[in-house]
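Visitor: Sending over a structure as structure tokens; questions will come in a sec.
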Amino acid sequence: MKSFINPIIRKWAFRGIHSQDFFAVHILSGSLEESVWFRAGKEEIDISRCHSVACERPFCIAVCLPALYAGLMSRGGAQVYIKKRDGPCAKLVLKQMWMKEVSNHIIVLYEINSVVCYQLSRLRQLLLLRYFLRNKRKTFKEGQIYGALYSYPRRVIVVSYKEGNYYNIFPMDFQCQVEGSDIYMFGLRTSNITVEKIIHTGRLVVSDTDAVDIKTIYDLGRHHSIAPPLMNSLAFNTSDSEDLKFPVPSFSSGYKEIELIDHYQVGSHWLLIGRVFNSKQKKLSCSPLYHVHFFEFIKSNYKVQDYDQAN
């Protein structure tokens, strides 16, 4: 009976789309439908390209802006809205945790207190999160927060590291290079087997994900928690970055070599702050890979490449 009812509910509530948390989509550069706005009082500023998800437990975002915005960022009642031309997608209510000054910029860490997702009715959200995306590791509130955060498509990058005979290459999307600066922010799990090495040496390389299939990216995702295979057994070739000599995947259109400025343990993640000291573009970056939540995907014009899950 259940197997008969589920397709009917899926067709009614979710247009028959296969239910999964995130979809992986290649989006043409400059074609994002969504933008992210920080609001404090009556003032509002676009932070689409100067914020990053920083931590999962607790859920936090980091916002980096020129120092002249310190007054705005320190006001109470801060909120973030994810919008499209036809209206809001999600709202996040924030609580400031701390503020740091870095290279004539301020970085503010906010904990997410609550969210509202506007794409689906409360009933449809409940059906999706409680029955179709049931995950014992996530509460209903956590599912909603993910739905809000990933209402803005999160760009997937590949991080490379090498030290002697040891190397690792893994994807991540808790990241952002701050627009108009060389500052780069990363949220890396404390359980990542390479994060301590990155912190110790203060070096990493970031590569693009334009011409890569989803399976290759998700296979690399296993490298967060287990030792990677021999490099010559990877599904792609690599070349060395210019200065650090870290491996750069052949599918990448370009890469950035980064030195760490600082790092903070937030909870389940490290917030790493870096500076890009060398950037190479091998070819035009056309359509990077993004992760977008089901809530937003069902209301968007994005085309999914396949149905492999992102988590």
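Sequential numbering from 0 applies to the sequence shown in numbering that gives the first Met the number 0. Beta carbons: idealized from backbone N, C-alpha and C, even for Gly. These figures come from a predicted structure and were not determined experimentally.
1. The beta strand (DSSP E) with residue 143 in it runs from where to where?
2. So, for residue 257: in the same chain, excluding its five sequence neighbours on each side, which residues have a beta-carbon less than 8 Å away from its beta-carbon?
3. With a cut-off of 8 Å, do at least 3 Cβ pairs link the segment 136–155 to the segment 33–48?
4. Determine the closest residue to residue 21 out of 120, 142, 49, with distance taken between C-alpha atoms.
5. Throw me the rounded Cβ distance for the residue 175 and residue 51 pair, which I believe falls under 8 Å.
6. What is the residue span of the beta strand (DSSP E) that residue 80 lies within?
7. Taking only three categories from DSSP, how would you classify residue 33?
8. Using a Cβ-Cβ distance under 8 Å, would residue 249 count as near chain D?
9. Going by other Cβ atoms of all chains shown within 10 Å of its Cβ, with 16 needed for buried, is residue 231 buried or exposed?
10. Which whole runs of the beta strand (DSSP E) in the segment 101–137 are 3 residues long or more, in chain order?
11. To the nearest angstrom, how far is it from the Cα of residue 263 to the Cα of residue 156?
12. Is the distance from the Cβ of residue 106 to the Cβ of residue 61 below 8 Å?
13. Going by DSSP, what residue range makes up the alpha helix (DSSP H) through residue 194?
14. Using three-state DSSP, classify residue 271 as helix, strand or coil.
15. So, is residue 186 buried or exposed, given that buried needs 16 or more other C-beta atoms within 10 angstroms?
16. Any idea if residue 208 is buried or exposed, counting beta-carbon neighbours within 10 angstroms, 16 or more meaning buried?
17. With 16 other CB atoms within 10 Å as the buried threshold, where does residue 118 fall?
18. So is residue 219 buried or exposed if we call it buried at 16+ other beta carbons inside 10 Å?
19. Does the distance from the CB of residue 245 to the CB of residue 180 come in under 8 Å?
20. Looking at the strands, I want to know which residues DSSP matches up with residue 237.
21. According to DSSP, is residue 46 part of a helix, a strand, or is it coil?
22. Taking only three categories from DSSP, how would you classify residue 71?
23. Would you mind sorting residue 23 into buried or exposed? The rule is 16 or more other CB atoms within 10 Å of its CB.
24. Given this structure, state the Cα-to-Cα distance separating residue 164 from residue 81, to the nearest angstrom.
25. What separation, rounded to the nearest whole angstrom, lies between the Cα atoms of residue 146 and residue 41?
26. Please identify the residue among 71, 104, 170 whose C-alpha is closest to the C-alpha of residue 44.
27. If you draw a straight line from the alpha carbon of residue 195 to that of residue 162, how long is it in whole angstroms?
28. Determine the DSSP secondary structure at residue 209, reduced to helix, strand or coil.
29. Could you tell me if residue 225 is buried or exposed, where buried requires 16 or more neighbouring beta carbons within 10 angstroms of its beta carbon?
Guide: Considering the structure as presented:
1. Note, residue 143: premise wrong, no beta strand (DSSP E); alpha helix (DSSP H) at 139–148.
2. 183, 202, 203, 204, 205, 273, 274, 275, 276
3. yes
4. 142
5. 4 Å
6. 78–83
7. coil
8. The chain labelled as chain D is not found in the depicted structure, where only one protein chain is given.
9. exposed
10. 104–116
11. 21 Å
12. yes
13. 194–200
14. strand
15. buried
16. buried
17. buried
18. buried
19. no
20. 248
21. coil
22. helix
23. buried
24. 43 Å
25. 26 Å
26. 71
27. 12 Å
28. coil
29. exposed
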